[in-house]
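Report on the following structure.
Number of protein chains: 2
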Amino acid sequence: MRKAIALATENVVSGLGGPFAAVIVRDGEIVAIGVNQVTSTNDPTAHAEVVAIRAACTAIGDFQLTGCVVYTSCEPCPMCLSALYWARCKAIFYGNSAGDAAEAGFDDSFLYEEVSRPLDERRIPTKRLLGGEAIESFNAWRAQTDKIEY
Amino acid sequence: MRKAIALATENVVSGLGGPFAAVIVRDGEIVAIGVNQVTSTNDPTAHAEVVAIRAACTAIGDFQLTGCVVYTSCEPCPMCLSALYWARCKAIFYGNSAGDAAEAGFDDSFLYEEVSRPLDERRIPTKRLLGGEAIESFNAWRAQTDKIEY
Chain A
1 MRKAIALATE NVVSGLGGPF AAVIVRDGEI VAIGVNQVTS TNDPTAHAEV VAIRAACTAI
61 GDFQLTGCVV YTSCEPCPMC LSALYWARCK AIFYGNSAGD AAEAGFDDSF LYEEVSRPLD
121 ERRIPTKRLL GGEAIESFNA WRAQTDKIEY
Chain B
151 MRKAIALATE NVVSGLGGPF AAVIVRDGEI VAIGVNQVTS TNDPTAHAEV VAIRAACTAI
211 GDFQLTGCVV YTSCEPCPMC LSALYWARCK AIFYGNSAGD AAEAGFDDSF LYEEVSRPLD
271 ERRIPTKRLL GGEAIESFNA WRAQTDKIEY
C-alpha cells in the first residue's frame, strides 16, 4: 500500500494524471502497477486499477487474476470495482476513502447512484433498439462449438 | 445498431471474443467501433464498449466523448456503463437486454448487486489500509497548480 501511495503522489508531480495508483500482488510478489493516465493518454478508462489489471493480465498471460491482491491508493469507482470483479482478484485494499476523493474533487457517488437506477431514470438517456435482431449475436454464440468461455 | 449487431455476430465467428460489439457515432458519422476481446487479448476490461471508448477517444484526441452516441449490441455491464459516464457520451442505445445476456451465459446481475452493497458485505473482501498516509496523494494534487482537471 505504501508503494501505491507513493506512486499516486509521484503521478501528480510528474503530470501523468490524477492522484491514483494501484499495485497488484500475487504470492507476495508485485505482478504489476498502474497509475491514472486519463488525461495523458486521452483514455477515460485509464484509471489506476484498470491500467494495473491490464498490465497484470499481460504479465501473467491470462484474462483472470486468480489469487491476486490489489492495493489501490483510493477506494475504487464503480468502473474499477466492476473491472476487479471481472478480473476475479482475491482481495482489495484501499487507502483513501470515496469521501476523501470527493473532498479532493473526485466525486463518484453520482455514479454509484446511476448504476443502481432503472434505465429510464438515468442521466444519460438509454434506450433499447432492435432487440429482435440483436438476439442473433447470442444465437451465434450458442451455436459456436469452438469458443473460449469467460 | 445494425452494424453493432453484425460486428457482435462476426466477433463470435472469428473467435476474437464474446458476442458483443459497440459503435460510437458523432454527427451521424462513425467515430470508432469496438468488439469484445477479453479472451483474445487477455484483458478482462476489453468489453466492447470499453474498447470502443478507447478507440473513439484516440480518434478524437480527447478524453471525453461529448456529443457522441453509443450503439451497443447489449445492455452495458456496470463497468461499461460507468466507463460511458466517465466518457460523458450523450446517449446509449442497446440491442440485447441484460436478461437476454444472462440466458446466453453472461449474467452481470451479481455485479449490479455488489456495486450497491456496503464494502463489508461484498464477495471480494475489501478493507481500508493506511488512510492517514494515503491522503498525502490528494494533498499533493491540491498543492499542484499545473494540473489538468478531468
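Keeping their order, the protein sequence lines are chains A and B. The letter at position 16 of the first sequence is residue 16 when you use the numbering used here, and the numbering goes up by one with no holes. Plus 150 on top of the position in the second sequence (first one is 1) and you've got the numbering used here. Built from N, CA and C at the ideal position, the CB exists for glycine as well. Remember, it's a predicted structure, so these values are computed and weren't measured experimentally.
- The C-beta of Ser266(B) comes closer than 7 Å to at least one C-beta of chain A.
- Against Cys239(B), the close residues of chain A are Ile124, in the order they occur along the chain (beta-carbon pairs closer than 8 Å).
- By the CB criterion at 7 Å, Ile155(B) and Ala52(A) fall outside the cutoff.
- Your pair Tyr221(B) and Val188(B) does not check out as a contact, with CB atoms roughly 20 Å apart and the cut at 8 Å.
- Under the Cβ criterion of 7 Å, Ala104(A) is counted among the residues facing chain B.
- Looking at the backbone, the Cα of Leu129(A) and that of Cys239(B) are separated by about 17 Å.
- Here Ala196(B) is buried: its Cβ has 16 or more other Cβ atoms, across all protein chains shown, within 10 Å.
- Assigned with DSSP and collapsed to three states, Thr145(A) falls in coil, not helix or strand.
- Using a Cβ-Cβ cut-off of 9 Å, Glu283(B) is close to Met1, Arg2, Ile5, Gly95 of chain A, given in chain order.
- The alpha helix (DSSP H) runs of length 4 or more contained entirely in the region 53-137 of chain A are, from start to end of the chain, 78-86, 98-103, 109-116.
- Per the C-alpha coordinates, the member of Gln214(B), Val162(B), Met229(B), Asn192(B) positioned closest to Val265(B) is Met229(B).
- Using a Cβ-Cβ cut-off of 9 Å, Cys57(A) is close to Thr191, Asn192, Asp193, Pro194, Thr195 of chain B, given in chain order.
- Ala196(B) carries a coil assignment under DSSP once its states are collapsed to helix, strand and coil.
- Contact annotation: Ala205(B) and Gly184(B) have beta-carbon atoms nearer than 7 Å.
- Its Cα nearest to that of Val69(A), the residue Glu49(A) stands out among Glu49(A), Asn96(A), Cys77(A), Gly61(A).
- At the C-beta level, Val175(B) and Ala209(B) stay beyond 7 Å of one another.
- Taking 7 Å as the cut-off, the beta carbon of Glu113(A) is found no closer than this to the beta carbon of Ala98(A).
- The beta carbons of Gly245(B) and Ser223(B) sit closer together than 7 Å.
- Take the alpha-carbon of Asn192(B) and the one of Ser164(B): they are about 16 Å apart.
- At least 7 Å separates the CB of Val185(B) from every CB of chain A.
- For Leu7(A), the enclosing alpha helix (DSSP H) has its first and last residue at 2-14.
- For Ile242(B), the nearest beta carbon of chain A is closer than 7 Å to its own beta carbon.
- As the crow flies, the alpha-carbon of Pro118(A) is around 36 Å from that of Lys297(B).
- With contacts defined as CB atoms closer than 7 Å, Ala254(B) and Phe63(A) fail to qualify as a contacting pair.
- The beta carbon of Asp120(A) sits no closer than 7 Å to any beta carbon of chain B.
- Residues of chain A with a Cβ closer than 7 Å to the Cβ of Ala233(B) are, in chain order, Pro44, Thr45, Met79.
- For Thr295(B), the number of other beta carbons within 10 angstroms of its own is below 16, and it is reported as exposed.
- Residue Ala252(B) holds the alpha-carbon nearest to the alpha-carbon of Pro169(B) among Glu271(B), Ala233(B), Ala252(B).
- Chain B places a beta carbon closer than 7 Å to that of Asp100(A), counting this residue as a contact.
- Looking at the DSSP output, Ala172(B) sits in a beta bridge with Gly184(B), Thr222(B).
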